[in-house]
Amino acid sequence: TESDPVRALNAPHAIARVSAALPLAAGWGLAASAQHMGQRVSREGRVPAHTTVNAHLVWDVPTRPLVWSLGVRNLLDERYADPVGPEFLQDTVPRRGREYWLEARWRW
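In the working numbering, each residue's number is its place in the sequence shown (first place is 1) plus 5.
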């Protein structure tokens, strides 16, 4: 008899990522990325596929040592969870929704 292949826990059916960056005027740049994680198997069933989108605005003037970044992770506020191993009581761990961040880096 033919049987379905057994998939390892947390092994996605498919993974995809696409990124793009666009230079703007006077040291400004814009970047965006999207990541897709296919359906996964957990101990108690299946975890649905999800796609997250991130955006990133950068101000980087080569003659200045400070680089500023402003970003949004999970721009579309996708609600998803990741399967976990046997060391956890729950079957999945919910992930954060939309996050904003501001970063300053000093270039030496």
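Don't be surprised by glycine CBs; every beta carbon is placed ideally from N, CA and C. Just so it is clear, the structure is predicted and the values come from calculations on it, not from any experiment.
Would residue i be called buried (16 or more neighbouring beta carbons within 10 Å of its own) or exposed?
{"i": "residue 63", "result": "buried"}
{"i": "residue 88", "result": "buried"}
{"i": "residue 45", "result": "buried"}
{"i": "residue 23", "result": "exposed"}
{"i": "residue 52", "result": "buried"}
With distances taken Cα to Cα, identify the nearest neighbour of residue i among the options.
{"i": "residue 42", "options": "106, 84, 93, 95", "result": "84"}
{"i": "residue 31", "options": "68, 79, 53", "result": "68"}
{"i": "residue 66", "options": "18, 16, 28", "result": "28"}
{"i": "residue 77", "options": "93, 109, 91, 59", "result": "59"}
{"i": "residue 92", "options": "48, 109, 72", "result": "48"}
Quick one: Cα of residue i to Cα of residue j, how far?
{"i": "residue 106", "j": "residue 20", "result": "25 Å"}
{"i": "residue 70", "j": "residue 111", "result": "6 Å"}
{"i": "residue 81", "j": "residue 100", "result": "13 Å"}
{"i": "residue 56", "j": "residue 113", "result": "37 Å"}
{"i": "residue 38", "j": "residue 79", "result": "10 Å"}
{"i": "residue 109", "j": "residue 35", "result": "16 Å"}
{"i": "residue 16", "j": "residue 54", "result": "12 Å"}
Looking at the ligand HEM, does it come within less than 7 Å of residue i, judged from the CB to the closest heavy atom?
{"i": "residue 89", "result": "As presented, the structure is devoid of all ligands, the ligand HEM included, so that no description of it is given."}
4-residue-minimum alpha helix (DSSP H) runs that sit fully inside the segment 44 to 82, ordered along the chain | none
Give, in chain order, every unbroken run of the beta strand (DSSP E) that is at least 3 residues long and sits entirely within the segment 10 to 43.
-> DSSP runs (the beta strand (DSSP E)) wholly in the segment 10 to 43: 20 to 28, 33 to 42.
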